[in-house]
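Chains H and Z, in that order, give the protein sequences. For the first sequence, my numbering gives the first residue as 12, with consecutive numbering after it. For the second sequence, my numbering gives the first residue as -18, with consecutive numbering after it. Where is the CB? At the ideal position from N, CA and C, for every residue including glycine. If you're wondering where the values come from, they're calculated on a predicted model, not measured in any experiment. Written out below as structure tokens is the structure these notes cover.
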Amino acid sequence: MTCDLTQTLLDTPMASPPAPDMLAGVRTHAAGCPACAERLAEWEALAAVVGTLPRSVQPDRPLWEGIAARTGRRHSRWPWALAAAAVLATVLLTQAVVRPGSGRDAALFAGGPPPAVAGAPVARAADYRAAADELEQAVATGAVRLLPHSNRALTASLAALDAAEAEAREALARAPDNPAIQAAYLAAVRHRLTLLRQAAQFEGSD
Amino acid sequence: MPISLLARTPGTTSDSPAVSRAEEAGVVAAARDGDAAAFRRLYQSHVGMVYALCLRLAGNRTWAEELTQDVFVQVWERLGQFRGQSAFGTWLYRVAVNTTLMALRRSRRRSQRFDPARELEAVPDPVRPDRDARVDLEEAVGLLPPACRAVFVLFDVEGWPHAEIADQLGIAEGTSKAHLFRARRLLRELLTR
């Protein structure tokens, strides 16, 4: 039989030191109660050992290489996912911010995508990117003028595509033959050119 | 969540105490952006805490190593869910506990090694492998029946209340107390024989 006060102590986690007054109370009680004295001695002996357990134990062998191998295999999902998200964000921005505007703004983004260019995806992306750079330069120098909210939408879209392209390029450097990453990169660059071509159709219309 | 009820705060006990929380936040952000070197720093800071937990819950080093790797892979994949509202170590501890307990439950389904609801009657008391060798507490914990070990580690080492343990292990609170009583008795026997 264990008395209530002693049972309270036994219900305390060994890693958490009991309140000093509770421990003192149990000791006082145990001095006149052999059963509780035995329980107290057992609890204190084991608690003393548990209290020495280290919070940190180093594994016997290095584990990092195995973790790196597994996380490295899965890392490639991030860039193309981001690229896809950026393209989606661009489309949403275009539809939500620009299309409800004037007829001129609606027409600004009404053009179709650039024609497909023969060749490997990365080579096609380079062609698209060169054409897009020319158009972006035209917007930057004022050769192509846009309504302010159209300009903001275009700027936001291009920023999203910048991030997507950068991630995709980084991923391509690690896995140049990955068709999913190639496709994501091509989609981002092609979308950039589409946006800029549509903008260029309205040169001087502002 | 169990983490709110911990007697100790694991997040404040990393293997690299010199790293400030602000600095660690920067490392976490870099890792979340895919920086493998930053993630390796987080691993180096916390692997000791994770391995200790896995070792005590799993009861053997080989399985604990596998579980530790599983935990860090889980962390890598779920870093985007970490919002920085708690210390990174606290969040990591929660991932480690969940991953390890899930693995214990899977092992129950596969081999009946871990069945907290039936183990009290089903698993005989452990026998010290070498009667002449001294057994330390880590070894003795490893010799406990799995459910007794889980309850002892979560209650006496990690400071969880029985209600949380019962919830996590899918047992009654009274069963958790019974496992603890048996675990303490077995440990005393293993340590003093």
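Contact between L161(Z) and F136(Z) holds, since their C-beta atoms are separated by about 5 Å, short of 8 Å. DSSP, reduced to helix, strand and coil, places E181(H) within a helical segment of the structure shown.
Using a Cβ-Cβ cut-off of 7 Å, L118(Z) counts as an interface residue toward chain H, since at least one Cβ of chain H sits closer than that to its own. In chain order, D137 make up the part of chain Z whose C-beta sits under 7 Å from the C-beta of M25(H). In the same chain as K158(Z), and ignoring 5 residues on each side of it, the C-beta atoms closer than 8 Å to its own belong to H143, in chain order. C35(Z): member of the alpha helix (DSSP H) spanning A17 to A39, first to last residue. V37(H) has a beta carbon lying at 7 Å or more from every beta carbon in chain Z. For G43(H), there is no enclosing alpha helix (DSSP H), since its DSSP letter is neither H nor E.
In this chain, the alpha helix (DSSP H) harbouring R169(Z) covers E154 to T173. Using beta-carbon distances, T82(H) counts as an interface residue toward chain Z, with a partner under 7 Å. One thing to note: V138(Z) has its Cβ no nearer than 7 Å to the Cβ of R130(Z). Look at S168(H) here: in three-state DSSP terms it is helix.
Using a CB distance below 9 Å, the part of the segment 65 to 81 of chain H facing chain Z consists of P65, R66, S67, V68, Q69, P70, D71, R72, L74, W75, G77, I78, A79 and R81, ordered along the chain. Taking the Cα positions, S27(H) is about 7 Å away from G140(Z). Scanning chain Z for C-beta atoms nearer than 8 Å to the C-beta of V61(H) yields L118, D137 and V138, reported in chain order. Nearest CB-CB separation between L57(H) and chain Z: below the 7 Å threshold. Inclusion of Y74(Z) and V68(H) in the CB contact set at 7 Å is not warranted, their separation being larger than that value. With a contact defined as Cβ atoms closer than 8 Å, A19(Z) and A11(Z) qualify at about 4 Å.
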